[in-house]
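Reviewing the structure listed below.
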Amino acid sequence: MDGIAVDKAALFEALGQDYTTEEFDELCFDFGIELDEDTSSNDRPVVNGKQEPAQLKIEIPANRYVMLCFEGISLMLNIFRGKQDAPQYVVYAGFPRRRTIRTPHGTSGG
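Each residue of the sequence shown is one higher than the last, beginning at 1219 in this note's numbering.
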């Protein structure tokens, strides 16, 4: 499993709901990912006079690589919760192959 840390407040805003640690852990479990750590209760470093925001450290299975970013996690959890429709992907056929037209010698092109 790979891990990713996301800003807790930003993720909850993207999900449109605040969760307790236990509620979010249950959501993750139901979806098949694992909440590894919630840094809300930890001492967070101060950078440029501001305390770092609380983070959620989430373990993502190797076969869910689309969730290795903030946008992927929020999208997939919103789809799972029924708050957003799944994206519709369209496969287009490639450009037609180029054709080479050969004419007999002596044929004028113009």
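Glycine is no exception: its CB is placed at the ideal position from the N, C-alpha and C atoms.
Predicted model, so just to flag it, every value in this text is computed and none were measured.
- Membership of A1223 in the beta strand (DSSP E) is indicated by the continuous run D1220 to D1225.
- The region 1291 to 1301 and the region 1232 to 1243 touch, with no fewer than 3 CB-CB distances between them shorter than 8 Å.
- At the C-beta level, L1286 and I1278 come within 7 Å of one another.
- For E1277, the uninterrupted beta strand (DSSP E) run begins and ends at Q1273 to I1278, by DSSP.
- In chain order, E1252, L1253 and I1276 place their CB closer than 8 Å to the CB of C1246, counting only its own chain and leaving out the 5 sequence neighbours on each side.
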